[in-house]
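Working notes, structure below.
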Amino acid sequence: MKKIIDAVDTIVDQALDGMVIAYPEYLQRVEGTSVLARRVPKGTGKVGLVSGGGSGHEPAHAGYVGYGMLDAAVAGEVFTSPTPDQVYAGIKAADHGAGVLLVVKNYTGDVMNFDIARELADADGIATEVVLVNDDIAVQDSLYTTGRRGIAGTVFVHKIAGATAEEGASLATVKAVGDEVVANIASMGFALTSCTVPANGKPTFELGENEIEMGVGIHGEPGIERMPMMSAADLTAFLYHRLVEELALVPNERVAAMVNSMGATPGIELAIMAGHLAALVKGSQLSLEKVLMGEFMTSLEMAGASLTLLRLDDTRARRLGAACDTPALRVVTH
Amino acid sequence: MPSMKQVTFRDLWQRFAELVHENKSVLNDLDAAIGDADHGSNMDRGLEKAVEALNASPEGSLRADAKLIGMTLMSTVGGASGALWGSGMLKFAAALPDAPEVTWADFVNALGAFVEALSKRGQAVAGDKTMMDVFLPAMVEIQAQLSDEESLPASMVRLADQAKAWSDGTRDLVAKRGRAAYLGERSAGHIDPGSLSSAFWFEALAGAVGQQ
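The listed protein sequences correspond, in order, to chains D and V. Terminal number for the first sequence in the numbering used here: 659, no gaps in between. Terminal number for the second sequence in the numbering used here: 1274, no gaps in between.
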């Protein structure tokens, strides 16, 4: 294992402090916790937004703390859900009297720990709601399983629900808007390499020179199928057609897209994918109104990418375009 | 009727922590095959803290110990395991009489509350390839074996062996709950790490009861 670390045990703690050092105008650490909250809190009477999860997905989640997106981000150990006491500390930091919306990716551990944190908040009279993000279409949704995972599409939920909260909407409204985003979003990703979880010290899986792992999540876990390596055009088309089918998009609909690096894949390769995406969208007679390209939801140093499509309507398009100012995403409207 | 003394209960957790520590990389490797490669590290981190907390805590009651274990695991393990072991041990504590020594029946009853809490929080049933594939049959077995003082150690050794076999049995299952569920059919062929750490708990129980 070759990583820029001092000790496995101190990775998250050091990284949180480092984020504050790099982004002091945005972030402050809630003392004694793994919570990063806005340096300048949102005004009283507005709904707070909390997200979080395991670490290793940088810039998620603290990178989205700031005006127009999150109020606080809670970090767990690498790829491990944060504990209820930490989530609750995040809820308290984000509460400005109008309740707190928790944006949770659908993983067993995250769901349980955020649930217990909600019980703690409930006992203290802080109203909370949850938006469960399950945008990964690689895994089947079924009554009998855990359901789909939440991956990169979560960032769109942060953005659009965050803009809604900033407008002064009620907790019920912000939740409804978040749920609507989830209902109109689909993502899927692939890996060219595995990643090495620091606690384990070796790559989680091995891939041959001409193999890729299709349908991976964001924890270095194996995907749904091993496939031969493809060209950028074929990879983009493979994901794109599945997403379009899943969302049942028809000509003249409007979409936003995200081309997300899993951590090691450079921008130059993402840009090639973005080019293919634009051509595919044109071919389906859809209107591509916004592309986010870069590292948004990563899996440590995994090479690979994910593609997300979000169906837009007027309101979602407006909120996606609303001003936001965070370490990882800025929308400037002037 | 055999009893469960506080010293035995603490010994059980000390042994459990040691077993998980010794097998940390085994658990991580099992998790790497069907999850995210950290089950051993997470449980090890939490159990080390739990044993530290027990050692620093004045002798009081099993219930106080169980609560301390639950709170510590819930705030240090993380992931599903932390939520399940943590909230489960809090229910375990709540089901115990507040005494330095409880009857074996009290202990088994509290274990029942623990397993019920796991079911409720995790919603997994037998065959889902989770820790429940050890705890559910073990609960049935331990209730059937309300034995006398003399035969208890041997029956707990037997139970620990069975627990290991139930964990081995998760190899052939397709996961329906937990992170391995995302792999679908590909999850078959690997032992569930949560079931193995659960089997270690029964091994620790057998060891502690044998020393009593």
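By construction, the Cβ of each residue, glycine as well, lies at the ideal position given by its N, Cα and C atoms.
request  = Quick one: list the residues of chain D neighbouring aspartate 1234(V), beta-carbon separation under 9 angstroms, in chain order.
outcome  = Near aspartate 1234(V) there are no residues of chain D at all, since even the closest Cβ is about 17 angstroms away, more than 9 angstroms.
request  = Specify whether the stretch 388 to 398 of chain D and the stretch 344 to 357 of chain D touch according to this definition: at least 3 beta carbon pairs, one from each stretch, less than 8 angstroms apart.
outcome  = Touching, yes, given that three or more Cβ pairs across the two stretches are closer than 8 angstroms.
query = Using a Cβ-Cβ cut-off of 7 angstroms (strictly less than) and excluding sequence neighbours within five positions of asparagine 431(D), which residues of its own chain qualify?
reply = Cβ within range, chain order: Leu457, Val458, Asn459, Gly472, Arg473, Arg474, Gly475.
query = Going by DSSP, what residues sit across from tyrosine 392(D) in a beta bridge?
reply = Tyrosine 392(D) is bridged to Asp650(D).
ask   = Does isoleucine 441(D) get closer than 8 angstroms to chain V when you measure Cβ to Cβ?
value = True, the Cβ-Cβ gap to chain V drops below 8 angstroms.
Closest residue to isoleucine 543(D) among Ser512(D), Asp559(D), Phe439(D) (Cα-Cα distance) = Relative to isoleucine 543(D), the option among Ser512(D), Asp559(D), Phe439(D) whose CA is nearest is Ser512(D).
message = Per the DSSP calculation, serine 586(D) is bridged to which residue(s)?
response = Note: serine 586(D) sits in a beta bridge opposite Ala630(D).
query = Distance, Cα to Cα, alanine 398(D) vs alanine 497(D)?
reply = The straight-line gap from Cα to Cα measures roughly 21 angstroms.
task = List in chain order: all unbroken alpha helix (DSSP H) runs of 4+ residues lying wholly within the stretch 1186 to 1210 of chain V.
result = Segments of the alpha helix (DSSP H) lying fully in the stretch 1186 to 1210 of chain V: 1194 to 1206.
key: Straight-line Cα distance separating phenylalanine 1197(V) from glutamine 1225(V)   = Before going on, a small fix: residue 1225(V) reads as alanine here, not glutamine. Approximately 8 angstroms between the Cα atoms of the pair.
message = Counting only beta-carbon separations shorter than 8 angstroms, does asparagine 1090(V) have a partner in chain D?
response = Yes, asparagine 1090(V) lies at the interface with chain D (some Cβ there is under 8 angstroms from its Cβ).
message = Below 7 angstroms on C-beta distance, what does proline 349(D) contact in chain V?
response = Here the premise fails: no neighbours, minimum Cβ distance about 28 angstroms.
request  = Can you grab the Cα-Cα spacing for the pair aspartate 420(D) / alanine 488(D), in whole Å?
outcome  = Each residue's CA atom was taken as its position, placing aspartate 420(D) and alanine 488(D) some 16 angstroms apart.
query = Going along chain V, which residues have a C-beta under 8 angstroms from histidine 544(D)?
reply = Under the 8 angstroms cutoff, chain V gives Gly1097, Asp1098, Arg1241.
request  = Give the range of the beta strand (DSSP E) segment to which lysine 1153(V) is assigned.
outcome  = It is not in any beta strand (DSSP E) - lysine 1153(V) instead sits in the alpha helix (DSSP H) that spans 1141 to 1156.
key: methionine 618(D) in three-state terms, based on DSSP   = Note: methionine 618(D) maps to strand in three-state DSSP.
request  = Whole angstroms is fine: what's the gap from leucine 1235(V)'s alpha carbon to isoleucine 549(D)'s?
outcome  = Roughly 17 angstroms between the two C-alpha positions.
task = Whole angstroms is fine: what's the gap from leucine 468(D)'s alpha carbon to glycine 1148(V)'s?
result = Note that leucine 468(D) has pLDDT 49, beneath the 50 cutoff, so the model's placement of it is unreliable and the number below is only indicative. Straight-line spacing of the CA atoms in leucine 468(D) and glycine 1148(V) works out to 26 angstroms.
Proximity to valine 480(D) [Cα-Cα], best of Glu356(D), Leu445(D), Ile510(D) = Measuring from the Cα of valine 480(D), the nearest candidate turns out to be Ile510(D).
request  = To the nearest angstrom, report how far apart aspartate 396(D) and valine 365(D) are at their CA atoms.
outcome  = Approximately 9 angstroms between the Cα atoms of the pair.
message = Strictly below 9 angstroms CB to CB, what residues from chain D border asparagine 1104(V)?
response = Within chain D, the residues near asparagine 1104(V) are Glu402, Thr405, Ala524.
request  = Kindly indicate if chain V contains any beta-carbon less than 8 angstroms away from that of tyrosine 432(D).
outcome  = At least one CB atom of chain V sits nearer than 8 angstroms to the CB of tyrosine 432(D).
inquiry  = Bridge partners for glutamate 538(D) per DSSP, in chain order?
reply    = Partner(s): Ala516(D), Arg551(D).
inquiry  = Mapping the DSSP letters down to three states, classify alanine 596(D) as helix, strand or coil.
reply    = In the three-state DSSP reduction, alanine 596(D) falls in the helix class (H, G or I).
query = From the beta carbon of valine 375(D), is the nearest beta carbon of chain V less than 8 angstroms away?
reply = It does not: the Cβ of valine 375(D) has no partner Cβ on chain V nearer than 8 angstroms.
inquiry  = At the 8 angstroms Cβ level, is serine 1149(V) part of the contact set with chain D, yes or no?
reply    = Taking Cβ atoms only, chain D reaches closer than 8 angstroms to serine 1149(V), which makes this a yes.
query = Do glycine 1256(V) and methionine 1193(V) come within 8 angstroms of each other at the CB atom, strictly closer than that value?
reply = The answer is yes: Cβ separation under 8 angstroms.
task = Under 6 angstroms Cβ to Cβ from serine 1298(V), same chain only, skipping five residues before and after it: list those, please.
result = An answer regarding residue 1298(V) cannot be provided, because it is not within the stretch 1063 to 1274 covered by chain V.
task = Note the first and the last residue of the continuous alpha helix (DSSP H) segment covering valine 325(D).
result = Outside the displayed range of chain D (326 to 659) lies residue 325(D), so it cannot be described from this structure.
query = Does the beta carbon of arginine 1248(V) sit closer than 8 angstroms to a beta carbon anywhere in chain D?
reply = It does: the Cβ of arginine 1248(V) has a partner Cβ on chain D nearer than 8 angstroms.
key: The alpha helix (DSSP H) enclosing valine 464(D), as first and last residue numbers   = Taken as a continuous stretch (DSSP letters only), valine 464(D) belongs to no alpha helix (DSSP H), as it is neither H nor E.
ask   = Counting Cβ pairs closer than 8 angstroms, one from the stretch 605 to 614 of chain D and one from the stretch 573 to 581 of chain D, do we hit at least three?
value = Counting Cβ pairs under 8 angstroms, three or more are found: they touch.
query = In three-state DSSP terms, what is isoleucine 1253(V)?
reply = Here isoleucine 1253(V) sits in coil by DSSP.
query = Which chain V residues sit within Cβ distance under 7 angstroms of arginine 636(D)?
reply = Result: empty, since nearest Cβ-Cβ is about 24 angstroms, beyond 7 angstroms.
key: Minimum Cβ-Cβ distance from isoleucine 549(D) to chain V less than 8 angstroms   = So, interface residue.
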